[in-house]
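The sequence shown begins at 3 in the working numbering and counts up one residue at a time. From the three backbone atoms N, C-alpha and C, an ideal C-beta is built for every residue, glycine too.
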Amino acid sequence: MAQERIIVEATAPAPLDVVWKAYTSPEHVTQWNFASDDWHCPAASVDLREGGKFTSRMEAKDGSMGFDFDGTYTKIIPNERIEYAFGDRHAVIEFSPAGNRTIVKVSFDPENQFPIEQQRSGWAAILDNFCKHVGRG
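Have a look at this one:
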């Protein structure tokens, strides 16, 4: 039986066009795509089109571990929605303008290795980092 998607949401302190660019540009992705300060994202690539690939290298700063997070975009609606597949799982990112701020909602299929709450908190931490990055301009 398929589990329900996990949903995390945050409000980025910038207008939609700025938020979209920060979410989809590799030079920005490397600045926010990690869950804690002892990790970083030294490399990222984005081919933002349906069928295009993305990858983010996530590593512990001490070099003790790392992995590539990668997938294929399955639907792109500019400034509104990104859908992608990663392995046999899927995720959807929705962007909603809220005045001079933007609500970013991420929903994704859970995996079976880690508890749901751990997955939710990890993805929420990354989204919080994203919002902090956008807020720094």
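In terms of residues, what are the limits of the alpha helix (DSSP H) holding S123?
From DSSP, the alpha helix (DSSP H) with S123 extends over 118-138.
Suppose you measure from the CA of V31 to the CA of N114; what does that come to, to the nearest Å?
Roughly 26 Å between the two C-alpha positions.
So, helix, strand or coil for K23, using DSSP?
Helix.
Considering only residues of the same chain and omitting the five flanking positions on each side of P112, which have a CB-CB separation below 6 Å?
Q5, I8, I118, Q121.
Using the three-state DSSP reduction, which class does M3 fall into: helix, strand or coil?
Unreliable placement is indicated for M3, whose pLDDT of 45 sits below 50; the coordinate value is still reported in the next sentence. In the structure shown, M3 sits in coil (DSSP, three-state: anything other than H, G, I, E or B).
By DSSP, does P80 sit in helix, in strand, or in coil?
Coil, per DSSP.
With a threshold of 6 Å on Cβ separation, who are the neighbours of D49 within its own chain once the five nearest residues in sequence on each side are excluded?
Excluding residues within five positions, the ones whose Cβ falls inside 6 Å are K55.
Note down the Cα distance separating V97 from G89, rounded to an integer number of angstroms.
According to the sequence provided, residue 97 is Phe. The question's Val does not apply to it. Cα to Cα, the separation comes out at about 24 Å.
Suppose the cutoff is 7 Å on Cβ atoms and the five residues either side in sequence are ignored; what does the same chain contact list for N81 look like?
L18, D19, W22, F97.
What residue from I79, L129, W41 has the CA that sits closest to R59's CA?
Minimum Cα distance to R59 is reached at W41.
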